[in-house]
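One structure is given below, encoded as structure tokens.
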């Protein structure tokens, strides 16, 4: 079944896109991540122009995050205050990101920077997570109690000024790292077409020491707004949001996420994290491959004069 | 519109059109002596040929089921010389040329082990697509000079490299890459044998519009050759544009981009919420 996409201006197979959305939705439901870091590279492999893939990815993330947040809301797993501070930083970062995005596209280095960012962030996060989860798995096997949060442990982050109290998270930290984290992830969201959950979640756990039960809900809560804002800004500045493409991905994604969540409940936390880490590393390796291996075609062609 | 359905371009019946125009007189280099005599005799009395193509529609609508389309163009030659026709010495080129724009070719090179775009060459006013059908192989029809002069053939499309400090050989490499990439994308394509005579004066040209055909103002051009000499040419505009729902969406995205963005977000919020309701765990 073919469909001509109005913004991407190309003909695609409906079933392939629904399947892609469902597969990514399944994984995102299982691991509790937005799945943007999978959907954007997949769209680019499917020959969707990177500009459209990134902007449309942001739109799709809104849907998957809403679905996710609603389930966390019920369990009280959303810290609205922390989420709002992260969001304030996120909006600033996203605005800067969309601007940088247009700039890179103009000088023809967008694909390169997007690939490098993916390799660096996915590689780092995947590596750290794999290391941590394997350690946890070993410890679990030897019967020790596993806890990610070690209260009373203070790092440099806790010495910064402008402290604020976040009741739901039982935290008292400076707003500086919270805003900075939000801004960095907002910027990445705009450039890479991701929600940033895969960076946000570990950063909140390891840097801010947010309890694990509110991490995912809070991260998803702020991602809804950053992704929604990114969608609107991309639509206005680059006009690259393809609503038909987004709709197909959303339908597949939302359906897949529900089954993924059920599958995820049968696995243990460390196992899930180890599997997610391997998945993240595989995507990073695939993208690194294109950076380092001699390309089949050295030349690329683009329509000039269009930013 | 079904993709199978060819766009019929009306044939103009020979003789209906007005006086001769655009035609060039050409000597007929016949091989045999008596043939030459006959040709010369005919030459005296002959009215110059004219080529006509007509479009039944001036626009092709791209709708959600568009996956490319076969495009058939009908045309006619006025004042056909039956002898030349019998000897198969009339040849026709039909070209569907896409909108022109600036194109940029970039070349990757290794920088600190990473392959990145380092050099680029832009080309001014270059056709985004170029589909050419002819009665037989272009180089069998006429000289390379003539092909180049009229830019008939992928290798002959006139490109204007934007002047910069590059050496001629470098520019050559970028130009070759431009043609190759366009060919790989199916946007520059030759259809030798794509033009066929239906009768002495009527012909039919067939090209395949690819699914990624650029949207905008295209131009259909036709050239008539007799004995390798250009004797007539004509052209007609053809607009390829989004239609129906696709048009409504892209028009909304372009002209009301803020509302389009907000609507996209609302749709996402709705789908996310709906998914939660529909798949709610019992």
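Residue numbers (our numbering), protein chains in the order written: chain A, 11 to 317; chain B, 898 to 1179. We put the CB at the ideal spot given by N, CA and C, even for glycine.
Identify every residue that forms a DSSP beta bridge with residue 1027/B.
By one-based count along the second chain, residue 1027/B stands at place 130. Looking at the DSSP assignment, residue 1027/B forms a beta bridge with 994/B, 1085/B.
Since residue 1014/B sits in a beta bridge, which residues does DSSP pair it with?
By 1-based counting over the second chain, the position of residue 1014/B is 117. The beta-bridge partner set that DSSP reports for residue 1014/B consists of 1005/B.
Which bits of chain B does residue 118/A rub up against, with CB to CB less than 8 Å?
Locating residue 118/A in the first chain gives position 108, counting from the first residue. Here the neighbours are 1001, 1003, 1014, 1017.
I'd like to know if residue 1094/B contacts chain A, where contact means its C-beta is closer than 8 Å to some C-beta of that chain.
Within the second chain, residue 1094/B is the residue found at index 197, counting from 1. For residue 1094/B, the answer is no, since every Cβ of chain A falls outside 8 Å of its Cβ.
What are the start and end residues of each continuous alpha helix (DSSP H) run of 4 or more residues lying completely inside the stretch 237-305 of chain A, in chain order?
253-274, 279-302
Helix, strand or coil: which one does DSSP assign to residue 944/B?
In the second chain, residue 944/B corresponds to position 47, counting from 1. It is coil, neither helix nor strand.
Look up residue 983/B in the DSSP assignment and say whether it is helix, strand or coil.
In the second chain, residue 983/B corresponds to position 86, counting from 1. Three-state DSSP puts residue 983/B in a helix.
Give the DSSP-derived three-state secondary structure of residue 1111/B in the structure shown.
For the purposes of this step, residue 1111/B is taken as residue 214 along the second chain, with counting starting at 1. DSSP, reduced to helix, strand and coil, places residue 1111/B outside both helices and strands of the structure shown, so it counts as coil.
Does the Cβ of residue 152/A lie closer than 7 Å to at least one heavy atom of the ligand HEM?
Summarising the ligand content, the structure contains no ligands, and the ligand HEM is consequently not present.
Following the continuous alpha helix (DSSP H) through residue 142/A, name the residue where it begins and the one where it ends.
Position 132 of the first chain, counting from 1, holds the residue named residue 142/A. Run containing residue 142/A: 120-151, per the alpha helix (DSSP H) assignment.
Are three or more beta carbon pairs between the stretch 202-214 of chain A and the stretch 133-149 of chain A nearer than 8 Å?
yes
Taking the beta strand (DSSP E) that residue 173/A falls in, what are its first and last residues?
To locate residue 173/A, count along the first chain from 1; it is residue 163. Residues 173-176.
Suppose the cutoff is 6 Å on Cβ atoms and the five residues either side in sequence are ignored; what does the same chain contact list for residue 92/A look like?
Within the first chain, the letter at position 82 stands for residue 92/A. Only 176, 179, 228 meet the Cβ criterion.
Can you find a C-beta in chain B that's less than 8 Å from the C-beta of residue 14/A?
Position 4 of the first chain, counting from 1, holds the residue named residue 14/A. So, interface residue.
Rounded C-alpha distance that separates residue 306/A from residue 1076/B
The residue given as residue 306/A occupies position 296 in the first chain. The residue given as residue 1076/B occupies position 179 in the second chain. One C-alpha to the other measures close to 16 Å.
Is it true that the stretch 1139-1154 of chain B meets the stretch 219-227 of chain A, where meeting means three or more beta-carbon pairs spaced less than 8 Å apart?
no
Using 8 Å as the cut-off, can you tell me whether the stretch 968-978 of chain B makes contact with the stretch 280-293 of chain A, which would need three or more C-beta pairs spanning the two stretches below that distance?
no
Quick one: measure Cβ to Cβ for residue 31/A and residue 268/A, integer angstroms, because I've assumed they're closer than 8 Å.
The sequence position of residue 31/A within the first chain is 21, counting from 1. The sequence position of residue 268/A within the first chain is 258, counting from 1. With a beta-carbon spacing of about 13 Å, residue 31/A and residue 268/A fall beyond the 8 Å limit used to define contacts.
Closer than 8 Å at the beta carbon, the chain A residues around residue 960/B:
Sequence index remark: in the second chain, residue 960/B carries index 63 (1-based). What residue 960/B touches in chain A: 14.
The alpha helix (DSSP H) that contains residue 102/A, what's its start and end?
In the first chain, the residue the question calls residue 102/A occupies position 92. Where residue 102/A is concerned, the enclosing alpha helix (DSSP H) stretches over 90-117.
Listed by chain order, chain A residues near residue 1143/B by CB distance under 7 Å
As a first step, residue 1143/B must be located in the second chain, where it is residue number 246. Per Cβ cutoff of 7 Å: 14, 16.
In chain order, which alpha helix (DSSP H) runs of at least 4 residues are fully inside the stretch 1026-1081 of chain B?
List check, alpha helix (DSSP H) in window: 1035-1038, 1041-1046, 1065-1081.
Bounding residues of the alpha helix (DSSP H) (the contiguous stretch that carries residue 1143/B)
Translated into the one-based positions of the second chain, residue 1143/B becomes position 246. Start and end: 1141-1152.
Going by DSSP in three states, residue 203/A sits in which element: helix, strand or coil?
For the purposes of this step, residue 203/A is taken as the residue at position 193 of the first chain. Coil at residue 203/A, not helix or strand.
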